[in-house]
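Read the structure below first, then the notes.
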Amino acid sequence: RTATLAPLENPGQAYRGPLYRMTIWPPVAALAPPALGIARAAINELIDLAKKKTPHFTTTALRERPEAQAKAAQAEALLGAGRAYLYEALREGWETVTQGQMLGLSQKMKIQLATISATRASAEAVDLVHSVAGSTAIRSEHPFQQYFRDVHTITQHAHVSTSRYQSVGNLMLGLEMDWPFFAL
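The opening position of the sequence shown corresponds to residue 64 in this note's numbering, with each subsequent residue numbered one higher.
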């Protein structure tokens, strides 16, 4: 299937479904789930590592270190918060379009914010995991280095750039739109 990147005034029957009333926002939001999945995998890998690793030159197992415990929990909280906000924004948008309406600007802004937030929270969670894993995180035989690289690659996309916070803030504060995708 294809999708036009502009609102359709007289769409054909094939383009009247709810998905098309969301215009470009599902593909924008699709940037976040891979980041969420990477963060989930990184946390799970850390839990497995913590069960068996005692850092060099210490006698305290990784799982018994307060910093490791706190950062693991913080990573889990970031992941959960990011996921919840994204799902809430998408659920609200879906409810609107299934009632035959187009997404309003405030809903587009919320989906944009939720997508950025979920992606950035995922990257922050992976950063925490990476710091707890220690030198294990940089070794090619462990996936931590790949999780770190992959999640930070996603954060480089224009739709999840921190510049989009400013784009939403502009609209919130009554300034001109600087991100053309809100017009779609």
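Beta carbons are placed, not taken as given, at the ideal position from N, Cα and C, and that holds for glycine.
Residue burial classification, residue i (beta-carbon count within 10 angstroms, cutoff 16)
i, result
"T117", "exposed"
"I251", "Nothing in the structure corresponds to residue 251, since the chain is present only between 64 and 247."
"L166", "buried"
"R212", "exposed"
"A196", "buried"
"A136", "exposed"
"T123", "exposed"
"R154", "exposed"
"A181", "buried"
"S198", "exposed"
"L168", "exposed"
"G237", "exposed"
C-alpha distance - residue i paired with residue j, whole-angstrom precision
i, j, result
"I217", "P96", "10 Å"
"T225", "N233", "13 Å"
"A177", "W88", "11 Å"
"L142", "T121", "30 Å"
"R103", "A152", "20 Å"
"Q164", "M240", "22 Å"
"P243", "A184", "25 Å"
"Y50", "A200", "What is shown of the chain runs 64 to 247, which leaves residue 50 out entirely."
"F245", "Q132", "41 Å"
"Y210", "R128", "23 Å"
Supposed contact pair residue j and residue i - C-beta distance, whole angstroms, cut 8 Å
i, j, result
"R126", "K134", "About 12 Å; that fails the 8 Å criterion."
"H205", "V91", "Not quite, the Cβ-Cβ distance comes to about 32 Å (not below 8 Å), so this is no contact."
"P192", "L109", "The identity of residue 192 in the sequence shown is Val, whereas the question assumes Pro. At roughly 5 Å, the Cβ-Cβ gap stays under 8 Å, so V192 and L109 are in contact."
"I106", "E139", "6 Å"
"R84", "V160", "4 Å"
Sequence-distant residues of the same chain with beta carbon closer than 6 Å to residue i, five excluded per side
i, result
"I86", "What sits at residue 86 in the sequence shown is Thr, not Ile. Once the five neighbours on either side are set aside, the close Cβ partners of T86 are L247."
Neighbourhood of residue i by C-beta distance below 7 Å, restricted to the same chain and skipping five residues each side
i, result
"S194", "K134"
"L112", "L125, A196 and T199"
Exercise for review: Would you be able to state if there are at least three C-beta pairs under 8 Å between the stretch 161 to 173 and the stretch 195 to 209?
Suggested key: no
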